[in-house]
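Just add 1 to wherever you are in the sequence shown, counting from 1, and you've got full-length UniProt numbering. Contents: one structure, followed by commentary.
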Amino acid sequence: DVAIVLFTRDLRVRDNPALASACANARAVVPLFVTDPALAVPRNRARFLADSVAVLRQELRELGGDLIIRHGDPVAEAIGIATRVGAQAIVVAGDVTRYAARRRERLDRESARHRIALEVTPGSHAVVTPGDLRPAGGDHYQVFTPYWRAWRAAAWRQPHPAPSAISLPEGIEPGGLPAAVSGCSPALVPGGERAGLDLVRRWLDGPLTGYGDKRDALAADATSRLSAYLRFGCVSPLELASAALDRPGGAEYCRQLAWRDFFHQVTAAFPDMGCADYRPGPRQWNADQDAIDAWRTGHTGIPIVDAGMRQLAQEGFMHNRARMITASFLTRTLGIDWRHGYRHFAELLADGDVANNAGNWQWVAGTGNSTRPGRVLSPLRQAARFDRDGEYVRRYVPELAALTAPHIHTPWQLPETRRRQLHYPNPIIELPVSH
Ligand code: FAD
């Protein structure tokens with residue numbers, strides 16, 4: 002028997018349910034990756050993806066197989082190769098977005114037409130597969146805390162080991178790697194399972210211990226930075242959670258992985274999460290293009306906000322606390338529609354994905370799953386709490402590097418001549434006194 006494994010965002014050989022199933026059930030396996038021009042992946046993610054695909058090909062070659070690479074419609078390519086090599090099955094990881102649902106429907110139809118079995122494997126993208134946990138009387142959890150309780154009590158499957166060997170049918174043209182991508186954020190991290198596993202090892206053996214205490218401290222940079230590796234499946238969330246859980250700091254860390262699962266199961270139930278309000282309501286957003294531009298480029302004149310936005314541009318990454326501060330500033334302080342922020346984040350984040358990006362934006366904007374939808378984060382109070390010494394602002398806003406705390410967070414209060422020398426904008430909005 003021959004099976005095609007259609008890789009999507011599960012770019013790893015370890016604990017890959019689709020690959021494991023194909024290897025267990027077929028004599029020969031065709032690992033296939035198709036870059037789909039319909040997805041229009043922005044530069045940072047395109048680069049991370051290209052790295053990850055190159056590493057996956059190398060790993061599969063070391064196992065005696067290869068990664069077959071095509072450009073075009075993944076459904077047509079998978080069916081085309083399957084009919085050419087006489088494959089009996091196509092195996093693909095289940096996923097939650099609208100795009101993935103359409104791809105699956107078309108795969109369903111086309112494989113049935115060609116008498117090829119389609120297997121959609123659960124368990125690739127989350128620790129607990131969306132839909133596995135359901136509250137009484139509902140199809141998904143709308144509130145995190147009860148979800149977290151159920152998540153902790155759920156039984157996890159055993160991770161799959163990497164296959165020991167892969168046998169590829171002969172005569173398939175391997176295809177070239179995705180083209181090199183330029184114009185990325187200068188400090189973007191390299192993609193791929195190897196870099197991901199390396200980072201996991203270093204994280205588990207050291208800094209995880211201090212995660213609970215330091216995860217919100219902006220300058221400490223004391224989080225795992227594994228999000229892009231999780232986004233592209235270079236790292237298995239289940240393997241990561243299983244390895245972390247019983248270590249010091251592991252429970253706090255797993256709680257964040259459960260947030261990720263939470264937004265996946267919300268998006269599975271509400272696939273329009275990236276464009277429509279989860280909780281619809283009459284809302285008046287403010288369409289101030291100048292304010293949107295100032296926010297995007299990190300020139301709002303509020304240092305803690307600008308530092309976050311500039312970290313994003315420079316690294317294709319932003320600290321979670323800064324994401325919350327910048328998102329709250331855009332939606333609650335400026336009253337701008339969360340979709341503007343969501344799209345800008347999606348353009349630059351290496352970890353940008355529909356479920357987590359939209360889930361968090363809607364949570365902050367009060368249109369989503371928060372139980373306190375009226376909450377506004379005060380940028381100044383957040384700065385005082387999470388960047389007390391101003392080190393995070395100094396790192397990303399060079400105009401302010403010579404200032405010390407607390408003035409670094411309120412440069413508009415400096416004497417006029419001093420303020421002018423900074424070449425840093427005045428705030429685009431006067432923060433309320435309570436801020
Ligand atoms: P760690 O603190 O080390 O956490 C470990 C992992 O848990 C992360 O890699 C991530 O997979 C998951 N996680 C942590 N916090 C969250 C959270 N609040 N929601 C969901 N998962 C979480 N995360 C994304 O992966 N993609 C996004 O597009 C994204 N957009 C966001 C937009 C906004 C407005 C906000 C407030 C948060 C967003 N997040 C997103 C969540 C979070 O900020 C990042 O996952 C985290 O900063 C990644 O850094 P880390 O890997 O060092 O996280």
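Every residue, glycine too, gets a C-beta built ideally from N, C-alpha and C. In this text the structure is predicted, and so the values were computed from the model without any measurement.
CA-to-CA distance, residue j to residue i, given in whole angstroms
i              : j                 : result
asparagine 45  : proline 249       : 33 Å
glycine 184    : asparagine 26     : 43 Å
leucine 169    : leucine 20        : 13 Å
arginine 10    : valine 128        : 15 Å
tryptophan 149 : glutamine 266     : 12 Å
glycine 211    : alanine 223       : 8 Å
residue 437    : phenylalanine 387 : Lying outside 2 to 436, the shown extent of the chain, residue 437 is not represented and no answer is given.
valine 355     : aspartate 273     : 9 Å
valine 35      : glycine 177       : 11 Å
arginine 419   : tyrosine 393      : 21 Å
arginine 389   : leucine 378       : 16 Å
alanine 277    : leucine 7         : 30 Å
arginine 280   : arginine 376      : 16 Å
histidine 345  : alanine 218       : 24 Å
glutamate 78   : alanine 39        : 14 Å
glutamine 59   : glycine 66        : 9 Å
proline 412    : alanine 384       : 13 Å
arginine 48    : alanine 229       : 12 Å
arginine 284   : alanine 292       : 19 Å
residue 437    : histidine 161     : Here the chain comprises residues numbered 2 to 436, so residue 437 is not present and cannot be evaluated.
tyrosine 100   : leucine 401       : 43 Å
aspartate 173  : methionine 319    : Checking the sequence, you will find isoleucine at residue 173 rather than aspartate. Straight-line Cα distance between these residues: approximately 41 Å.
valine 30      : proline 136       : 39 Å
proline 32     : valine 97         : 22 Å
glutamate 253  : threonine 334     : 30 Å
cysteine 235   : glutamine 422     : 46 Å
arginine 103   : glutamate 431     : 46 Å
Exposed unless 16 or more other CB atoms sit within 10 angstroms - verdict on residue i
i              : result
valine 3       : buried
threonine 405  : exposed
residue 1      : Look at the range of the chain in this structure, 2 to 436, and you will see that residue 1 is not part of it.
asparagine 427 : exposed
tryptophan 157 : exposed
leucine 350    : buried
cysteine 255   : buried
serine 237     : buried
alanine 28     : Contrary to the premise, residue 28 reads as arginine rather than alanine in this sequence. With fewer than 16 other Cβ atoms within 10 Å, it is exposed.
glutamine 363  : buried
serine 112     : buried
glutamine 312  : buried
histidine 341  : buried
arginine 116   : exposed
Chain-order list of residues whose beta-carbon lies under 7 Å from that of residue i (same chain, five-residue window excluded)
i              : result
glycine 336    : Trp286, Asn287
arginine 107   : Val76
aspartate 307  : Gly299, His300, Thr301, Val398
asparagine 357 : Arg261, Phe264
glutamate 316  : Ser186, Ala188, Leu189
Neighbourhood of residue i by C-beta distance below 6 Å, restricted to the same chain and skipping five residues each side
i                 : result
valine 190        : none
alanine 366       : Thr332, Trp339
glycine 391       : Ala406, Ile409
tryptophan 296    : Leu331
phenylalanine 145 : Phe263
alanine 270       : Asp140, His141
arginine 382      : none
alanine 14        : First, the amino acid is wrong: residue 14 is valine here, not alanine. Excluding sequence neighbours, valine 14 sits near Glu60, Ala163.
isoleucine 303    : Pro380, Pro428
glycine 275       : Val355, Ala359
arginine 71       : Val35, Glu78, Gly176
glutamate 240     : Asp16, Pro160
alanine 259       : Trp149, Trp152
Any C-beta of chain C under 8 Å from that of residue i
i           : result
leucine 378 : Judged by its chain identifiers, the structure shown contains no chain C, having just a single protein chain.
Distance between beta carbons of residue j and residue i, contact taken as under 8 Å
i            : j           : result
arginine 396 : alanine 220 : 7 Å
Beta strand (DSSP E) runs wholly inside the UniProt domain "Photolyase/cryptochrome alpha/beta" (2-127), at least 3 long, in chain order: 3-8, 29-36, 69-72, 90-94, 118-122
Could I get the ranges of all uninterrupted alpha helix (DSSP H) runs contained in the region 270-340, with 4 residues as the minimum, in chain order? 290-298, 304-316, 321-329
In chain order, which continuous runs of the alpha helix (DSSP H) of length 4 or greater are located wholly inside the region 162-236? 194-206, 212-215, 228-232
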